[in-house]
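I have placed the structure first, in the form of structure tokens, so that the comments after it can refer back to it.
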Amino acid sequence: MGGIVVFGAGGRAGRAVTGEARGRGYEVTAVVRDPGRHPDLRANGVAVVRGDVTDPGSVGAVVGGHVAAVHAVSPFSGPEQGFDSLDPEFFVKAADALLGGLAASGVRRLVAVGLFANLLGADGRPVMDDPAVFPPEIRPFALAHTAGLRRLREAADGPVDWLMLTPGGGLEQAAARTGRYRLGGERVPDGAAVLSYADLAVAVLDEIETPTRHRTRVSVCGPSGE
893 MGGIVVFGAG GRAGRAVTGE ARGRGYEVTA VVRDPGRHPD LRANGVAVVR GDVTDPGSVG
953 AVVGGHVAAV HAVSPFSGPE QGFDSLDPEF FVKAADALLG GLAASGVRRL VAVGLFANLL
1013 GADGRPVMDD PAVFPPEIRP FALAHTAGLR RLREAADGPV DWLMLTPGGG LEQAAARTGR
1073 YRLGGERVPD GAAVLSYADL AVAVLDEIET PTRHRTRVSV CGPSGE
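Numbering of the sequence shown is given in my numbering, commencing with residue 893 and proceeding in unit increments.
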């Protein structure tokens, strides 16, 4: 069956993806900044390694032999960090390192977790451009994330078949796994239902096992607006 490498496995999305992948029988390599902070990830046969998603050498050292990679990394290692420490090029560097490292290692599928802020609202503008709904103080993070998406799009014809799944509404950590979700497009989906992290992980693994979207970004939300 092969293995899946999860960059950012210590975060909420990364943990959910790791659990879903193990539940489907995949071997998982969990890449984190500090393995010592995540001893629980080693349960259930997960290999936990130190890595840096922005470093091509680090990416290349861990992705070989896997069937796919997942990018669920945040540039912040904890809530104590503020936006003053944000590298505006973080997601661009990550895109370059992942595309290069995966291509060199023969890994052809990359699924990244996107950011709601750069989906398009009803007026056709990115959500982050409306200060009435998006806090201006978070805009630097949204701009950095958007720059990373732009870099992926610039590599549309490259050897890595990438997809960015962007939650189209709220994400709920405690919500149960239903196995159901709805994929959309570039806009905030109408009647977007809250999505559990577990069901986000279902969507990620489904798009690894049976890809339906290629070299693009789509929204993902709960199956209905109820």
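Note that beta-carbon positions come from the ideal geometry of N, C-alpha and C, so glycine has one too. Owing to the predicted nature of the structure, the values given are computational and were not obtained by experimental measurement.
Query, Result
"Whole angstroms is fine: what's the gap from F1033's alpha carbon to R1042's?", "14 Å"
"Which class does A1014 belong to by DSSP, given the choice of helix, strand or coil?", "coil"
"For G993 and G949, what's the separation of their Cα atoms in angstroms?", "7 Å"
"With DSSP as the reference, label S966 as helix, strand or coil.", "coil"
"How long is the line joining the alpha carbons of P1059 and H958, rounded to whole angstroms?", "25 Å"
"Only counting the same chain, and skipping five residues up and downstream in sequence, which positions put a Cβ closer than 6 Å to that of L1075?", "V1110, V1112"
"Would you give the residue range spanned by the alpha helix (DSSP H) that P1023 belongs to?", "Neither: P1023 is in no alpha helix (DSSP H) and is coded neither H nor E."
"The alpha helix (DSSP H) spanning A1034 covers which residue range?", "1031-1046"
"Measure the alpha-carbon distance for A1024 versus L1063 and round it to whole angstroms.", "20 Å"
"How is R916 classed by DSSP in three states: helix, strand or coil?", "coil"
"E869 by DSSP, collapsed to three states: which one?", "Limits of the chain in this structure are 893 at one end and 1118 at the other, which puts residue 869 out of reach."
"Less than 6 Å between C-beta atoms, sequence neighbours within five positions excluded: which residues of the same chain meet that for G906?", "V898, G900, A964"
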